[in-house]
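> Chains as they are written, first to last, in the working numbering: chain A, 1 to 434; chain B, 435 to 846.
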């Protein structure tokens, strides 16, 4: 029976080619636009560390003066001062904790005639790798004692290892960075969480390639490497001594494995703030601790334009569906006599309904296939945009299947009204008119 | 011509579904197209923002140092570089800088009128530059004077300075001293000592083009300083009129002749203002183009939908049309019947659509830091959609008007 419906639908669609092409094209455009923007939105609002994100938290405290403070409304600043980050780090109240800032490292390749180049670097503390599940190809991270002794060592990314050492095990080799010799202790596997959550608010981009180089925070500072972003809340006598300046420039993350650990860390944080107020270092009592995904939402990492485009695409699809309803309705009402004949020959209402839904479904499938083509075209266009996430815009299997789900659902919704109108048509008047 | 509104309304009641669908489609299209037009206009306004720079002749070299050196050594190098650049036959002037208009991102300070003021008066972008910067950028000095060479200080890496004199943009001068008396007055820009306005330029765009920058549009200041940052600096070079290409190829050679210990990226180390503008407004342009395409496609789909449904109605009513023609209706009457019918549906659609457009805009104001849309956009959209409807219905209506009165006598 289904084959018969398919045959009927095909005949009907062939009979009015212009109308059919119009319906399929409109639906495909709507689906193409929706899938393109949804792919980008999904990419940008994804979970950077799915296996770990629930255990990662971002504590925030506020060293600003009371001026302009409104209780319950003023949120603490995004970054932390050096003394606060070090106090929290050395308190060891979380399973793991790390402070970090983004910087630029000048790397001098060993090869003769090679030019020096700047690479993205992270200055951080020893827990960084284990806390963020950064996978090692060779070697490993450094220890807390390396942090304290300002050891000249680095962990490098796989792409930097490929560039400098042809991908060989370079652990123990020396890399020339900012005119200093640094010993490589670890080489990461390709690792680039999207969004680059740990760089959020630190003056660096939110998406794209991972960092090239990781080195101990104190080592980097001893070498006068500077953070990309510095927010000062008072007049600054000397920007070189960031450790003592009234400036915030560090991001601080903690790993907490259970809800009781989370609540006890919150208490610890509040206690720390109260203590700092007693010491007259702080004036504002506010503190906050968001988990990774809430933090990303609050930071609105996803660019407004991308969300706007997704909303627009949905509106577009809605109009395409309304359009398809109208055209399907016109098509099926034009066939009133055919329906009358089929009903008179014994077809039930149910069968008429199914017949027209099959026809709508076929329009949907064709729209889906063409829509997929439009989506690939749209993503191709996005890959050639200069946006930092451009290179990541690819259709994955989920979105591939989702395209057909959207197409079928959209076309079946569009088909309900026409199919219903067709099946409730009384056969007698139609036959008489013939 | 008599408008037969009542019979049309009666006839439409027999085609409720089709009528509602066309009206709904018109409403949704209007709502989206109005907002798209509004966004396009906003973005296009951004694209044409004036920088104040002589953009036809100015280019920027991003110069990073390949080795660590003392501030003094860097200062000597910068001075030698600038002298070499200024000596080129194709170059009119050159200056070193910490940033440039439309750079994207940038550096800004809060501005206060007194040193202990808590809430800042406003915010200003901060540029460092010597007495050559105004000429190198091609800025227009509208009041006061340029810096004197003896006012310019060398500033090392992240060294804080509090210069006694400043040149401000007219926008900042107006914001701080609305009565126009800015020249000779002073203010504080996160500095312990006041800085006095000696010159006013107009315009001078900020480095950034973000929402924050738009809220403080055109508010910039220049401090007399020669940046000697250990990481690197920008050289702003202004070519002699019409010699931009020559200057852009000669300048890096001249710099490398001075010293090879520098990094000028082969991909984006040297950019003229066409590239800089292109880069900073990329997302604005992309969004405007996308909105434009979507609007056109939407209008086309809506027009096609109207053509499709009206064609069907005409086919369905051939017999009635024949009867009317036989009873004395002219072709013109039939044509105007379908045009009026579409106009009525269109009116219903645009009323709903206009409301929807305003609701969507208000929602976007809360969600996307967008401005309120002027009602002019809705007006333009309403007229455009009504015309589109009339245009779309014209061909089927014309076909209807050609139905012969003989049809009335046929049974089919």
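Ideal placement from N, C-alpha and C gives every residue a C-beta, glycine not left out. A quick note: this is a predicted structure, and the numbers were derived from the prediction, not measured.
How about residue 113/A: is its C-beta nearer than 9 angstroms to some C-beta of chain B?
The beta carbon of residue 113/A does not come within 9 angstroms of any beta carbon belonging to chain B, so the residue lies off that interface.
> With the cut-off set at 9 angstroms, would you say residue 674/B and residue 524/B are in Cβ contact?
yes
> Identify the contact partners of residue 463/B in chain A, using a Cβ-Cβ distance below 7 angstroms as the criterion.
319
> Measuring CA to CA, which of 232/A, 243/A, 317/A is closest to residue 407/A?
317/A
> Rounded C-beta distance between residue 250/A and residue 102/A? I'm assuming under 8 angstroms.
Rounded, the Cβ-Cβ distance is 10 angstroms, inconsistent with contact.
> Given a limit of 9 angstroms on CB to CB distance, which residues of the region 3-22 of chain A reach chain B?
18, 19, 22
> Checking contacts by CB at 9 angstroms: is residue 416/A closer than that to chain B?
no
> First and last residue of the alpha helix (DSSP H) that includes residue 797/B?
765-802
> Residues of chain B with a CB under 8 angstroms from the CB of residue 64/A: which are they?
Going along chain B, no residue has its Cβ under 8 angstroms from residue 64/A, so there is no contact; the nearest lies around 11 angstroms.
> Just curious, the alpha helix (DSSP H) that residue 458/B is in, first and last residue?
Element bounds for residue 458/B: 450-481.
> Measure the beta-carbon distance from residue 682/B to residue 493/B and round it to whole angstroms, keeping in mind my assumption that it falls under 8 angstroms.
5 angstroms
> Please state whether DSSP places residue 175/A in a helix, a strand or coil.
strand
> Against chain B, does residue 430/A count as a neighbour if the rule is that its beta carbon must be under 9 angstroms from one of theirs?
no
> For residue 786/B, which option in 619/B, 446/B, 439/B, 466/B has the closest C-alpha, if you only look at C-alpha atoms?
466/B
> Given a threshold of 16 other Cβ atoms within 10 Å of its Cβ, counted over all protein chains shown, does residue 345/A qualify as buried or as exposed?
It counts as exposed.
> Going by Cα to Cα distance, which pick from 608/B, 678/B, 833/B is closest to residue 650/B?
The option with the nearest alpha carbon to residue 650/B is 608/B.
> What's the C-alpha gap between residue 644/B and residue 539/B?
8 angstroms
> Select from the region 724-745 of chain B all residues with a C-beta closer than 8 angstroms to any C-beta belonging to chain A, and list them in chain order.
724, 725, 728, 731, 732, 735, 736, 738, 739, 742, 743, 745
> Could you run through the region 550-566 of chain B and flag, in chain order, every residue whose CB is less than 9 angstroms away from some CB of chain A?
For the region 550-566 of chain B, which is checked against every Cβ of chain A, the residues closer than 9 angstroms are 552, 553.
> Against chain A, does residue 584/B count as a neighbour if the rule is that its beta carbon must be under 9 angstroms from one of theirs?
no
> Name the two residues that bound the continuous beta strand (DSSP E) containing residue 426/A.
Note, residue 426/A: premise wrong, no beta strand (DSSP E); not H, not E.
> Within 9 angstroms (strictly less), CB to CB, does residue 108/A reach chain B?
yes
> Nearest to residue 179/A by alpha carbon, out of 288/A, 110/A, 77/A, 230/A?
For residue 179/A, the closest C-alpha among the options 288/A, 110/A, 77/A, 230/A is that of 110/A.
> Count the other CB atoms, across all protein chains shown, that sit within 10 Å of the CB of residue 676/B; report buried if there are 16 or more and exposed otherwise.
exposed
> Give, in chain order, every residue of the region 376-387 of chain A whose Cβ lies closer than 8 angstroms to some Cβ of chain B.
Listed in sequence order: 385, 386, 387.
> Please list, in chain order, all residues of the same chain as residue 144/A whose beta carbon is under 7 angstroms from its beta carbon, the five residues on each side excluded.
126.
> Within its chain, find whatever has a CB closer than 7 angstroms to the CB of residue 48/A; leave out the 5 residues flanking it on each side and keep chain order.
193, 194, 195, 197
> Which residues mark the beginning and the end of the beta strand (DSSP E) in which residue 180/A is found?
Membership of residue 180/A in the beta strand (DSSP E) is indicated by the continuous run 180-188.
> Would you be able to state if there are at least three C-beta pairs under 8 angstroms between the region 410-427 of chain A and the region 716-727 of chain B?
The region 716-727 of chain B makes no contact with the region 410-427 of chain A: fewer than 3 CB pairs, one atom from each, lie closer than 8 angstroms.
> Residue 474/B to residue 481/B, Cα distance in whole Å?
10 angstroms
> Looking at C-alpha atoms only, which residue of 308/A, 282/A, 430/A, 340/A is the closest neighbour of residue 442/A?
It is not possible to answer for residue 442/A, since the shown part of chain A is limited to 1 through 434.
> Residues of the region 611-626 of chain B in Cβ contact with chain A at a cutoff of 9 angstroms, in chain order, please.
624, 625, 626
> Can you name the residues that DSSP bridges to residue 100/A?
124/A, 251/A
> Per DSSP, what are the beta-bridge partners of residue 705/B in this structure?
Answer is 494/B.
> Could you tell me the alpha carbon to alpha carbon distance between residue 484/B and residue 805/B, rounded to whole angstroms?
21 angstroms
> Go through its chain and collect everything with a Cβ distance to residue 85/A's Cβ below 7 angstroms, but skip five positions before and after it.
99, 250, 252
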